[in-house]
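Protein chains in written order, with our numbering: chain H, 5 to 247; chain C, 4 to 336.
All C-beta atoms in this analysis are idealised placements derived from N, C-alpha and C, irrespective of residue type, glycine included.
Note that the structure is a prediction, hence the values are computed from the model and not measured.
The structure appears right after this line, and notes come after that.
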C-alpha cells in the first residue's frame, strides 16, 4: 500500500536540520504501523511526507502504486485517498461539526448534499457524537474534537489513515475515547500509520513498530520483539526512559 | 470578559460614566462659547434650503392664439390654446392660473405659476459622495482581494506585481493619483474612445477608478495580514482532505480571514469616504465641492462647513454601525 524508498529531507530554515536520511519502509494493506521515537527524530516529518505536506528532497514514495513525488501526479487526488489526523485537530472553526465532515465530500468528492449528510451522520454515530452535529467545534472537548477530525478524514473513504500524535494535545482522561475509535478502525482492517507516544496502543494494536532516531529508522519489528527484547542500544535507552 | 483586568465597583462605574458626560458637555459648551466669541452672524436658518427648496415654476405659452377653454381636472387645470395653424394643451397645477377662456396669448406669456420641491445642491453632493464611496469600496474589495492573494503567492510575477502596486499606491499622494487618472489616463482613454466613435467617460468614472485602486492597495495589505493570521494547520487540514489551493482558500481560509479583518477594513472604508472629498479637483461635485460652491454664493462658510463635517460624520458613522452589525452576525456561536 505504501512504499517509501530512500527518502531524505533537509530543512534549511531557521537552521539546517537533516530530518530524514535515506529512510525506506513499507506498509502493507490492512497493516497498522506505529512510529515512535524521541522528539526531533523525524517521525512526524516522515508521516507528513506520505501525503506531501512536506515535499521529500530525494527518493520515492508510492501510495497504492502512485509515485506521489512525480511532478505529473495530481496530489489532490492522492490526498483524497489518504486521511490525516493532526495533533491540534485543525477543525474548521467557522463550520459546524456536521459541516466540517461534509465540506470536503461536497467540494472534493462532489457528493450530493443529502449523500454527504447521511455519510457524515453515520460517521459521527461511529465516533460516538451524533448529538453534537449542529454545534461549532469550540463547544467540544479536545477528545470530541479529535473524534470529529477522525470522522472528517474517514468521510473521504480513504485507503490509508495517517495519525500525527493524535492524543498528545489531549487531557489524560480524554485519550481513551480517541484511542478506542482508532482501535475500532484498526479492527475493521484500515491501513494505518500512527505517530504516537502511547506505548499501550502500540503494544495492543500495532502489527509493526518502527523506531526512529535522528532522521533514520533504527529498528523495526513486531510489538513483542520491540518491547521485550529490542536489539539496539538506542531503542533500549528510549524505552527505559519512557516506560 | 472585557474588563477582566480591571475590576470596578458599581458606584465607581456610575461616577466615571458621569465624568464622561461632563466632559462631553464641557466640550460642547466651550465650542458654543467660541462661536459666540467669533465676530460672525450665524444664520443657521438659511442652511436647509441647500437640502430641499421650493422652486417657483412658470408655465408659458409656446404659440400665439386664443385660450379656448380652461378646464379643471382635480388639482390640475387643462388649458387649451388655439392658434391660426396649431393648437397646444398645457396642464398646470390649479393654484395660480393667470389666463381665462377667450384671452389672447403670445409666445412666452405666462399661463400659470406653481411651486415645486427641488433637491438642493448639498443633498446632491451627499448622494454623489455616498455613491462614489460605495462603488469604490466594492471595487476596492475586489482589487484588494486579488492583490492580497497575489501578494502571498509563490509566483514571483504575481507577488512582485502586487508588492509594486501596493508600495506605489500607498506611497504616493491620492491627489496626484487622481490627477494622473483623469488628466493622463483619462485623456488617452477618451481619445481612443472618440476615435472609435464611442461615448466619452465622465470624470466621475476616473474618480471612482482612482479611489478604488487607492483603497485596493490598503485592502490588499489587510487581506494579506488576515490570511497569514489564520493558523497554518487550517490550510494543511484542508489540503490533506484533497482540496486544491483555491478550494481551501475559498471554503476554509478566506471565510475565517474576512471575519477577522472586518474591523481594520471598516477603518479603511471610513478613510475612503473622507478621501472622496478630493474628487472635487476633477469637477466631480461631491459633498465637499458642493459645500465650497455654496459657500462662494452664500458667504456663510461657518454654518456650511460645520454642516459638511456633520454629513460626513453621518456617512462614516452609518458605515461603522453596519460593519459592527456584520461582525456580530458573523461571530461564531
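Burial state of residue i, where buried means 16 or more other Cβ atoms lie within 10 Å
i, result
"residue 23(H)", "buried"
"residue 16(H)", "exposed"
"residue 315(C)", "buried"
"residue 112(H)", "buried"
"residue 90(C)", "exposed"
"residue 20(C)", "exposed"
"residue 116(H)", "exposed"
"residue 94(H)", "buried"
"residue 200(C)", "exposed"
"residue 11(C)", "exposed"
"residue 196(C)", "exposed"
"residue 10(H)", "exposed"
"residue 110(C)", "exposed"
"residue 67(H)", "buried"
"residue 128(H)", "buried"
"residue 158(C)", "exposed"
"residue 325(C)", "exposed"
"residue 98(C)", "exposed"
"residue 180(H)", "exposed"
"residue 104(H)", "buried"
"residue 64(C)", "buried"
"residue 213(C)", "buried"
"residue 239(H)", "buried"
"residue 4(C)", "Its pLDDT being 46, under 50, residue 4(C) is placed unreliably in this model, and the value from its coordinates should be taken loosely. Classification for residue 4(C): exposed."
Contacts that residue i makes with chain H (C-beta to C-beta distance below 7 Å)
i, result
"residue 240(C)", "90 and 94"
"residue 236(C)", "90, 92 and 94"
Proximal chain H residues relative to residue i, where beta-carbon distance stays under 9 Å
i, result
"residue 255(C)", "96, 98, 99 and 107"
"residue 259(C)", "96, 97 and 98"
"residue 313(C)", "Near residue 313(C) there are no residues of chain H at all, since even the closest Cβ is about 39 Å away, more than 9 Å."
DSSP beta-bridge partners of residue i
i, result
"residue 91(C)", "84(C)"
"residue 120(C)", "57(C)"
"residue 88(H)", "166(H)"
"residue 22(H)", "14(H)"
"residue 215(H)", "40(H) and 223(H)"
"residue 3(C)", "Residue 3(C) is absent from the structure shown; chain C starts at 4 and stops at 336."
"residue 29(H)", "8(H)"
"residue 96(C)", "79(C)"
"residue 196(H)", "36(H) and 165(H)"
"residue 63(C)", "113(C)"
Sub-9 Å separation of residue i and residue j beta-carbons
i, j, result
"residue 217(H)", "residue 42(H)", "yes"
"residue 148(H)", "residue 136(H)", "yes"
"residue 218(C)", "residue 275(C)", "yes"
"residue 106(H)", "residue 139(H)", "no"
"residue 232(H)", "residue 202(H)", "no"
"residue 135(C)", "residue 289(C)", "yes"
"residue 154(H)", "residue 144(H)", "no"
"residue 147(C)", "residue 248(C)", "no"
"residue 102(C)", "residue 60(C)", "no"
"residue 250(H)", "residue 221(H)", "No answer is possible for residue 250(H): the residues shown for chain H start at 5 and end at 247."
"residue 82(H)", "residue 55(H)", "yes"
"residue 166(H)", "residue 70(H)", "no"
"residue 62(H)", "residue 12(H)", "yes"
"residue 151(H)", "residue 108(H)", "no"
"residue 69(C)", "residue 112(C)", "no"
"residue 168(C)", "residue 185(C)", "no"
"residue 322(C)", "residue 264(C)", "no"
"residue 96(H)", "residue 237(C)", "yes"
"residue 219(H)", "residue 46(H)", "yes"
"residue 84(H)", "residue 270(C)", "no"
"residue 227(C)", "residue 174(C)", "no"
"residue 182(H)", "residue 48(H)", "no"
"residue 66(C)", "residue 80(C)", "no"
"residue 204(H)", "residue 174(H)", "no"
Cross-chain neighbours of residue i in chain C, by beta carbon under 7 Å
i, result
"residue 73(H)", "By Cβ distance, chain C contributes nothing, its closest Cβ being about 16 Å from residue 73(H), past 7 Å."
"residue 112(H)", "244, 245 and 246"
"residue 160(H)", "244 and 245"
Chain C contact residues for residue i, given Cβ-Cβ distances below 9 Å
i, result
"residue 83(H)", "242, 243, 244, 245 and 246"
"residue 57(H)", "239, 242 and 243"
"residue 237(H)", "By Cβ distance, chain C contributes nothing, its closest Cβ being about 36 Å from residue 237(H), past 9 Å."
Amino acids of chain H, ordered along the chain, whose beta-carbon sits closer than 8 Å to that of residue i
i, result
"residue 250(C)", "111 and 112"
- [ ] Determine, using beta-carbon pairs with one atom in the stretch 277-296 of chain C and one in the stretch 178-188 of chain C, whether at least three such pairs fall under 8 Å.
- [x] Judged by Cβ distances under 8 Å, the stretch 277-296 of chain C makes contact with the stretch 178-188 of chain C, as three or more pairs qualify.
Open item on the list: With three or more beta-carbon pairs closer than 8 Å as the criterion, would you say the stretch 250-259 of chain C touches the stretch 226-235 of chain C?
Closed with: The stretch 250-259 of chain C is in contact with the stretch 226-235 of chain C.
Open item on the list: With three or more beta-carbon pairs closer than 8 Å as the criterion, would you say the stretch 183-190 of chain H touches the stretch 205-219 of chain H?
Closed with: Yes, the stretch 183-190 of chain H touches the stretch 205-219 of chain H.
Task: Given 8 Å, three or more beta-carbon pairs between the stretch 306-326 of chain C and the stretch 123-132 of chain C - done: The answer is yes - the stretch 123-132 of chain C touches the stretch 306-326 of chain C, with three or more Cβ pairs under 8 Å.
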